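Engineer:
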Amino acid sequence: MGKRDDLIAQYADDLKSKCGMTPDMDLLTKVTIGCGPAIYNADASTVAATQESELETVKDNFLIKKLGLSDGPELMEAINSVIETYGRSERNKYRAVVYYMLTKHFGKEAVYG
218 MGKRDDLIAQ YADDLKSKCG MTPDMDLLTK VTIGCGPAIY NADASTVAAT QESELETVKD
278 NFLIKKLGLS DGPELMEAIN SVIETYGRSE RNKYRAVVYY MLTKHFGKEA VYG
């Protein structure tokens, strides 16, 4: 198993243990690949949930550009809902896990089809 496979296993564990979800491994793998090399960078691999600018970046670059959603208050509400599910106090909120949960939330799995 390569480093990416190890990370995907770690993300799956987070989804199970911290978010109470059974991950769709195929989708999780595709979302992880979609994150590109950011998953290997300690800072870029996580989402700083306390930084408004970071949440705006998730909204603009992922929800609007990647998933093709229209901007509106429901986007930030969904991001905050996902952060709550992950646990605000959880120090490492992995970008791939957040993106996975947002993809599921909006029913946009087909983007990764």
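Here the numbering used here runs 217 ahead of the position in the sequence shown, where the first position is 1.
From the three backbone atoms N, C-alpha and C, an ideal C-beta is built for every residue, glycine too.
It should be emphasised that the depicted structure is a prediction, and the values quoted were computed from it without experimental measurement.
For the alpha helix (DSSP H) that contains Glu271, what are its first and last residues?
Structural biologist: Residues 269–274.
Engineer: What residue does the alpha helix (DSSP H) around Ile392 start on, and which one ends it?
Structural biologist: Because residue 392 is not part of the residues shown, which for the chain are 218 to 330, the question remains open.
Engineer: Got a sec? Which residues, its chain only, sit under 7 Å from Asp288 by beta carbon, not counting five neighbours each side?
Structural biologist: Excluding positions up to five away in sequence, the list reads Ile281.
Engineer: Using three-state DSSP, classify Thr239 as helix, strand or coil.
Structural biologist: Coil at Thr239, not helix or strand.
Engineer: Measure from the alpha carbon of Asn309 to the alpha carbon of each residue in Ala259, Met238, Ala255, Gly219, then state which is nearest.
Structural biologist: Asn309 has its Cα closest to that of Ala259, out of Ala259, Met238, Ala255, Gly219.
Engineer: Taking only the alpha-carbon atoms, compute the straight-line gap between Leu244 and Ala313 and give it to the nearest angstrom.
Structural biologist: Those two C-alpha atoms are separated by around 11 Å.
Engineer: When the Cα atoms are used, what is the spatial distance from Lys276 to Arg305?
Structural biologist: If you take the alpha carbons of Lys276 and Arg305, they lie about 18 Å apart.
Engineer: Taking the straight line between their C-alpha atoms, what separation do you get for Asn297 and Pro290?
Structural biologist: When rounded, the distance between both Cα atoms is 11 Å.
Engineer: Note down the Cα distance separating Ala327 from Ile250, rounded to an integer number of angstroms.
Structural biologist: In a straight line, the C-alpha of Ala327 is about 15 Å away from that of Ile250.
Engineer: Whole angstroms are fine: how far does the CA of Met293 sit from the CA of Thr302?
Structural biologist: Distance between the alpha carbons of Thr302 and Met293: 14 Å.
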